[in-house]
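J.: Following this message is one structure expressed as structure tokens.
Number of protein chains: 2
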Amino acid sequence: MDTGFEIATEPRGEASASLPQAKDLSHHFNQTTKNREASTLKELYRYAGVPGMITMAGGIPHPEVFPFETLSATILAHDAFPLDPPRVPKKGKSLIEWLFSPTSLPTTSFTIPKWSPKPVDPKTIQLSTSLQYQAATGPPALPLFLREYVSKVYKPAYSDWDVLVNVGNTDGWSKIINLLAEKGDAILVEEWTYPSAVNSFLPYECKTVPIKMDKEGMLPEHLEKVLSEWNEEERGGKKRPHIMYTIPTGQNPTGATMEAERKKQLYKICSKYDVIICEDEPYYCLYTGEWTPKGSKSDKSILAQRRADAEKKEGSEGNQAFIKNLPPSYLHFDVDGRVIRMDTFSKTSAPGSRLGWITANPQFIERLTRISETSTQAPSGFATALTTVMLQKWGFEGYIRWLRGVKATYNMRKTWMCDAFEDVFHLEFDQNKSLFPDGSKTITCYSKTPKNKWDEKKGLHGPALVTFTPPTAGMFVFLGVHISEHPDYDKLTRKGEDATHVLVQKLWTELADNLVLFAPGWYFDGGGEHAIGGKGYGYFRLSFSIATYEETYKAIRTFSQVLEKFFKTK
Amino acid sequence: MDTGFEIATEPRGEASASLPQAKDLSHHFNQTTKNREASTLKELYRYAGVPGMITMAGGIPHPEVFPFETLSATILAHDAFPLDPPRVPKKGKSLIEWLFSPTSLPTTSFTIPKWSPKPVDPKTIQLSTSLQYQAATGPPALPLFLREYVSKVYKPAYSDWDVLVNVGNTDGWSKIINLLAEKGDAILVEEWTYPSAVNSFLPYECKTVPIKMDKEGMLPEHLEKVLSEWNEEERGGKKRPHIMYTIPTGQNPTGATMEAERKKQLYKICSKYDVIICEDEPYYCLYTGEWTPKGSKSDKSILAQRRADAEKKEGSEGNQAFIKNLPPSYLHFDVDGRVIRMDTFSKTSAPGSRLGWITANPQFIERLTRISETSTQAPSGFATALTTVMLQKWGFEGYIRWLRGVKATYNMRKTWMCDAFEDVFHLEFDQNKSLFPDGSKTITCYSKTPKNKWDEKKGLHGPALVTFTPPTAGMFVFLGVHISEHPDYDKLTRKGEDATHVLVQKLWTELADNLVLFAPGWYFDGGGEHAIGGKGYGYFRLSFSIATYEETYKAIRTFSQVLEKFFKTK
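Chains A and B, in that order, are what the protein sequence lines are. Numbering (the UniProt record's numbering) for the first sequence: 1 to 570. Numbering (the UniProt record's numbering) for the second sequence: 1 to 570.
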């Protein structure tokens, strides 16, 4: 079997030899983490690998009674998805067709036996091992692949980083909280953030400290201000935050994506105030790039165009261009070892795998391993075996090509949604009505129907309804409805009600009653004053990941009709 | 597909209708659990299932980019293992044979497609669903099966219990601690206990409160004494324990197994003092029964013999006999809803599945679901899909037959180990030198070599070396070495050293140097005074789960030789 990747005796790549080691950051551990002890059975482990040893020490079942003899999978070929799919699908597949026609995409298959003829090869996956108890670090073949991936794609700035598998980023983040957060800690988050991440620490009476954003995410000046002016007394006795939770790429819900310069600025501040940066990157490879309106020419620079063209090439050259065009990870600037990166197979393979990994300094990885030992242990051997053999089958280059295909698929879906807005509304690229503070590429959607005959004669369109910035990564369009234009807005405000919330809820319900379900923006509110948008906007998050082309158009058309009616309501 | 089990609209069986509902036990929740809030998006969920709805609310990947198109497995037939295997294996299979010959056992196979033609059937497993984000409760088909199993095998004494899947009992117990334990709590455990279970709560500064045992596990009189005489001041301010951790069947490490009467007594005490019973039952189905020495007649009563014979029958009658002969779960006496039972597929299918479940009252299940949502989420879809289809393929009766085969296999292995002791040592069934306080069926192993010529002429054997009680369930023989007979014992004691610990470590190392690895008993020490054994014994736990027949004999022979040498050392 050609696995496409080398067994690294120096797992972190050759380049790392000249890099510094991580600093000692163990003062960030909470008391529970300090209390954790390594197993008292080290002596036993030392003997366990001795050849000829009859081991009666462990309480492990015999693989002969594992019911699974072989496991086989048919998987899509690494290049199953085109890099440049057509803007309009030739023919949408109906649900019935999905159900009854086998996939027309190229596939490959593999079988995992219970007993491999090469049981000691570290790259071997066999069911008798995968379905047995395993170390919390999982089967060696998986971290072997992940270290190569981290080394080649993220290029960390220190030498002794390591990886630890987990059961997905929710688990990873929960374990990081378990590692670092003391009851009552204040945790830095984006002003709009992923509510499940917050729900993971709220029960421990930790509070969010929202940092204002623009289209690249957190604003360095606001972070600096919050940290430098931190006053424990004013903050109800809370210590200055030492944990930051951030989604740098395709941020959830805003779609904001942070480039290198911004990360450098933020890293410097975090280093100054000794903050651990926890970067949650489920959408990292869904870096879809700019949306260009139909019929318009790309306004890319020659350099940007050259980079985009390079990425459309098949083979290693295109793979390298893809990697180069990705925004660098915080790890790439991490000379201290203060970044904990969370990666998941949820968006690049399948969420149900419940498989992801953390990259961090070795002290953190050691404690996180202890935490895993008394909670999840290793991820399911079904998940690690099937995913590892899939990765081996594709190889590193093949996996990169797979990611490019997935990226192209989501870019296509994003284009459908933006195109639908273009077709349904009258768009204006309006710097003044910007959603994000920097205002670039912000689109305001107006009703195509003029207010009255008079306006129609003058060729005028209707009122501004919605403003958004087309995302460059992720799965979401985050949009602001001009809710303060609603005829009842002032009346409600005068009555002392939260007019925006009341009217957004009303609009959301009307949409749902018309069979279109958006996520309400308030659900993602990280608290504090908002830099994105402002008073008078009501927010929705629209996911373009799952709807068909036809559904996307239908939903946006319905949205437009409901909006028209909504703003006319007296 | 004949699944062999019914879709229960009343999931907990008909019999439950007449039973009481669980009491309100929410005062056991810790502060973190009380702080947990249900999702604020209930409204959204209400709409999500409406036919025709275009859902743009969730951040879920499209199944078209899940690389897995089909998943197939070859599994052993439900009756692959005989119910009454021969005492001595005909011919041990060598490792080489294991590696190169495919299994000779009967198998069956199945394939799980990405898209099933019956997507809405609750029993359907398809990859587009299994590999998608799922509710923390897992695919409906799995709890459907588990509720049937719990209802038919454990027969809980109240009506509104439910199940919740998890990633194995370590995860289950960790979540229970997260549910109930407040920092610094005192937790009731057996005097010898599973160290990983203790390691799960030690970092939270919880302490063990060991309860003395006999061969049925915890002693009611000691539990009553500990709880009734609890004095917070004497206990360093610790509140009276409200959590009990127990392994009733094939207890780890002692092999003790608790029958109905003892459970009733203990339940009554727990009810009186409002203690939550957490029963961890990985070995429940490995209830292997009594060991009968070779050549001796079974000393079973006629009734016991009739029950044993009934269990050897194939078909439903044998299955029913198997279920009837299992010690009842604490759930069967649980009129309050104060039992949290942990079950796992680790010993009945494979540990690497990382799949198990909790059975508890609905309040506890609701909070545990919240805990799962912010940590593991649902178990891996690979694990739930493959395990569920396997269970459906076998059906309920088939699964019970499978468990009987697994039980028979471990009984065979236990017999190998006990037989090896019989062949290698001179055994005496000695009520006076008992390891367990009640002394029944305790075996003391003497050296077959007499001390001197004089003893030899008199037909006397050598000194007593080891004492144990053959386990009736589980995977372990827990034995006491007569360490105080060692020539250095008194000298070491006079020097103020812990002679038992020093000498057990010495013996353990000598065994390991001779290629036999046992688990040292001190590792399982739950603290406090011991009722099992006593001063002068050194303990080892021997697992019979993994070694071949030949290895078992070799290990016990080596043990005997090392012991002889050890006790002669001056």
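Even glycine gets a Cβ: it sits at the ideal position worked out from N, Cα and C. Just so it is clear, the structure is predicted and the values come from calculations on it, not from any experiment.
Where Thr467(B) and Arg541(B) are concerned, what is the direct C-alpha to C-alpha distance, given to the nearest angstrom?
T.: Thr467(B) and Arg541(B): Cα-Cα distance of roughly 12 Å.
J.: So, at 6 Å on beta carbons, what are the nonlocal neighbours of Trp132(B) in its own chain, with the 5 sequence-adjacent residues on each side left out?
T.: Checking the displayed sequence, the identity of residue 132(B) turns out to be Gln instead of Trp. The answer is none, since no qualifying residue turns up.
J.: Report buried or exposed for Ala136(B), applying the criterion of at least 16 other Cβ atoms within 10 angstroms of its Cβ.
T.: Its Cβ being crowded by 16 or more others within 10 Å, Ala136(B) is buried.
J.: Contact between the region 211-225 of chain B and the region 502-514 of chain B: three or more CB pairs below 8 Å?
T.: Touching, no, given that fewer than three Cβ pairs across the two stretches are closer than 8 Å.
J.: Buried or exposed: Thr236(A), going by 16 or more other Cβ atoms within 10 Å of its Cβ?
T.: Note that residue 236(A) is Gly in the sequence shown, not Thr. The residue in question, Gly236(A), is exposed, as its Cβ has fewer than 16 Cβ neighbours within 10 Å.
J.: Step through the CB atoms of chain B and report whether any lies within less than 7 Å of the CB of Tyr47(A).
T.: So yes, Tyr47(A) belongs to the interface.
J.: Beta-carbon of Leu99(B) versus every beta-carbon of chain A: anything under 7 Å?
T.: With a pLDDT of 48 at Leu99(B), under the threshold of 50, the modelled position of that residue is not reliable, and no figure is offered here.
J.: Report buried or exposed for Ile302(B), applying the criterion of at least 16 other Cβ atoms within 10 angstroms of its Cβ.
T.: Exposed, because fewer than 16 other Cβ atoms sit within 10 Å of the Cβ of Ile302(B).
J.: Mark Pro51(B) as exposed unless 16 or more other C-beta atoms lie within 10 angstroms of its C-beta, in which case mark it buried.
T.: Pro51(B) is exposed by the Cβ-count criterion.
J.: Mind checking who Tyr446(B) pairs with in its DSSP beta bridge?
T.: Paired residues: His426(B), Ala464(B).
J.: Going along the chain, which residues of the region 369-382 of chain A sit with their C-beta nearer than 8 Å to a C-beta in chain B?
T.: Within the region 369-382 of chain A, the qualifying residues are Glu373, Thr374, Ser375, Thr376, Gln377, Ala378, Pro379, Ser380, Gly381, Phe382.
J.: For a contact meaning CB atoms closer than 8 Å, what does Gln132(B) contact in chain E?
T.: In the structure shown, chain E does not exist; the protein chains are A and B.
J.: When you compare the CB positions of Lys263(A) and Phe364(A), do they come within less than 7 Å of one another, or not?
T.: The answer is no: Cβ separation not under 7 Å.
J.: Under 7 Å between beta-carbons, which chain A residues line up against Gly138(B)? List them in chain order, please.
T.: Here the premise fails: no neighbours, minimum Cβ distance about 10 Å.
J.: Below 6 Å CB to CB, which residues in the same chain sit around residue 573(B) once its five sequence neighbours on both sides are set aside?
T.: Nothing about residue 573(B) can be read from this structure; chain B reaches only from 1 to 570.
J.: Looking at chain A, is there any beta carbon in it that lies within less than 7 Å of the beta carbon of Thr415(B)?
T.: No, no contact with chain A.
J.: Could you tell me how far apart the beta carbons of Phe478(B) and Cys445(B) are, in whole angstroms, since I believe they sit closer than 8 Å?
T.: Not quite, the Cβ-Cβ distance comes to about 14 Å (not below 8 Å), so this is no contact.
J.: Just to confirm, are Thr249(A) and Tyr283(A) a CB contact at a threshold of 7 Å?
T.: Yes, they are a contact pair.
J.: Taking only the alpha-carbon atoms, compute the straight-line gap between Lys448(B) and Ala464(B) and give it to the nearest angstrom.
T.: If you take the alpha carbons of Lys448(B) and Ala464(B), they lie about 10 Å apart.
J.: With 7 Å as the C-beta to C-beta threshold (strictly closer), list the residues of the region 160-179 of chain B near chain A in chain order.
T.: Cβ contacts with chain A come from Val167, Gly168, Thr170, Asp171, Ser174.
J.: Classify Leu179(A) as buried or exposed, calling it buried when 16 or more other Cβ atoms lie within 10 Å of its own Cβ.
T.: So Leu179(A) counts as buried.
J.: Restricting to runs no shorter than 3 residues, where is the beta strand (DSSP E) found entirely within the region 122-166 of chain A?
T.: Runs found: 162-166.
J.: Considering only C-alpha positions, which residue in the set Val153(B), Leu202(B), Ala519(B), Arg338(B) is nearest to Tyr267(B)?
T.: Here the closest residue by C-alpha is Arg338(B).
J.: Do three or more CB pairs link the region 106-125 of chain A to the region 56-76 of chain A at distances below 8 Å?
T.: Touching, yes, given that three or more Cβ pairs across the two stretches are closer than 8 Å.
J.: Among the residues of its own chain, which have a CB less than 7 Å from the CB of Gly138(B), if the five just before and after it don't count?
T.: Here the set comprises Val165, Ala378, Pro379, Thr384.
J.: For Leu386(A), would you say it is in contact with chain B, using Cβ-to-Cβ distances shorter than 7 Å as the test?
T.: Yes, because at least one Cβ of chain B sits closer than 7 Å to the Cβ of Leu386(A).
J.: Mind checking which residues open and close the beta strand (DSSP E) that includes Cys285(A)?
T.: It is not in any beta strand (DSSP E) - Cys285(A) carries neither H nor E in the DSSP assignment.
J.: Would you list, in chain order, the members of the region 550-569 of chain B that have their beta-carbon closer than 9 Å to a beta-carbon of chain A?
T.: Listed in sequence order: Glu551, Thr552, Lys554, Ala555, Thr558.
J.: Can you list, in chain order, the residues of its chain whose CB lies under 6 Å from that of Lys207(A), leaving out five sequence neighbours each side?
T.: Here the set comprises Ala186.
J.: What residue does the beta strand (DSSP E) around Pro113(B) start on, and which one ends it?
T.: It spans 107-113 - the beta strand (DSSP E) in which Pro113(B) sits, taken as one unbroken run.
J.: Rounded to whole angstroms, what's the CA-CA distance from Thr359(B) to Gly496(B)? Just pull it up for me.
T.: Each residue's alpha carbon lies about 49 Å from the other.
J.: Could you give the first and the last residue of the continuous beta strand (DSSP E) run that contains His222(B)?
T.: Element bounds for His222(B): not the beta strand (DSSP E) but the alpha helix (DSSP H), 220-228.
J.: Using 7 Å as the limit for Cβ to Cβ distance, is Phe478(A) near chain B?
T.: So no, Phe478(A) is outside the interface.
J.: For Trp454(B), count neighbouring C-beta atoms within 10 Å of its own C-beta (all shown protein chains included) and say buried if the count is 16 or more, exposed if not.
T.: Trp454(B) is exposed by the Cβ-count criterion.
J.: Can the beta-carbon of Val335(A) be found less than 7 Å from the beta-carbon of Ala48(A)?
T.: Taking 7 Å as the Cβ cut-off, Val335(A) and Ala48(A) do not qualify as a contacting pair.
J.: Over the uninterrupted alpha helix (DSSP H) stretch that includes Asp343(A), give me the two end residues.
T.: That residue, Asp343(A), is in no alpha helix (DSSP H); its beta strand (DSSP E) goes 339-344.
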